[in-house]
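As structure tokens, the structure follows; a few thoughts come after it.
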Amino acid sequence: MMDIQQWRQVLGVPRWFTLGLAVSTMLFTSVVQAETYVAGQLGFTLAQDTTRGRANDPTYSGLATGTSVSNVNLNNSVMYGVKVGHYFESVSWLGVELEGFVTSPHRPQQRLTLAVPGSGNVTVEEGGATNRLIVVSPLLMVRYQAGAFEPYAGVGPGLMMLHQQQLTSAASGTAYSQSYTGIGLNTQVGLRYRLTDHVSMFGEWKFNYARLDLPGQADVGHFGINAIATLHHFVFGIGYHF
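Set out below in structure tokens:
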């Protein structure tokens, strides 16, 4: 069985992310009498077009190195996930949270413009792709308690795990899959309402920012894409507080 260090190397997770996750875990269990909560969340992902794109392995498609790619349109999606959080007894407005959620901002069939060094712009008809993105994120949390209402905010690194399956072209029936794991930004701002001492409901806005890096595929002669992705999530959830 692989230990933590071996798993970190397999997933390509930076050492600082592993350390932050370990510290968050220790903080969850450090104060027995402080407030801890678990929650489920369901919502809607508004996916913006990717920006600052460039082609990975463009020579697989007969393109020159340094080829850039126009913005890529992504579909909106349903998202769902869970979270567990902890606020400290000595500093009641400060806490930590670990959350995970899944969303699927698929890529529709579309035309892309490739800027090829020495050749000018080339337009290609790109086939659609299915995307499944899993985000796991430790966050530093702050809150303000005003009776039953509790506004809060959080920020932290997000481990972004993307799996994509796509067609090599709009006219082709040939499909291939690829995956990418990397680190991005995860933030949230929300308002929690206490229904009882132990049960709450909340509404939340999340924002994700990450550079996705999908390799080209030599066996099917297709380039990959490296681009900035930004996602907005609008979430509703129910929590239980211990």
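Under this note's numbering, the first residue of the sequence shown carries the number -14, and numbering increases by one thereafter.
All residues carry an ideal CB built from backbone N, CA and C; glycine is no exception.
query: Residues that F227 bridges to, as DSSP identifies them; result: None, per the DSSP bridge assignment.
query: Contact check, T88 vs S62, beta carbons under 7 Å; result: yes
query: Three-state secondary structure (DSSP) of A53; result: It should be noted that the sequence gives Ser, not Ala, for residue 53. Strand.
query: Nearest-angstrom beta carbon gap, V57 and D34 [assumed within contact, 8 Å]; result: 6 Å
query: Between the CA atoms of T50 and F29 - distance to the nearest angstrom; result: 37 Å
query: DSSP state of P90 mapped onto helix, strand, coil; result: coil
query: Other residues of its chain near S162: CB distance less than 6 Å, five sequence neighbours each side excluded; result: Q150
query: Beta-carbon separation (whole angstroms), G143 vs N193, contact threshold 8 Å; result: 6 Å
query: F134, buried or exposed, once every other Cβ within 10 Å from all chains shown has been counted against 16; result: exposed
query: Reduced DSSP secondary structure (H/G/I, E/B, other) of A133; result: coil
query: Helix, strand or coil at D198 according to DSSP, with G and I counted as helix; result: strand
query: Alpha-carbon to alpha-carbon, G175 and H91; result: 26 Å
query: For S46, three-class secondary structure by DSSP; result: helix
query: Outcome for T52 when other beta-carbon atoms lying within 10 angstroms are tallied against a minimum of 16; result: buried
query: Unbroken beta strand (DSSP E) run spanning Q26, endpoints; result: E20 to A32
query: Pairwise C-alpha distance: M64 and L83; result: 17 Å
query: Burial state of A40, where buried means 16 or more other Cβ atoms lie within 10 Å; result: buried
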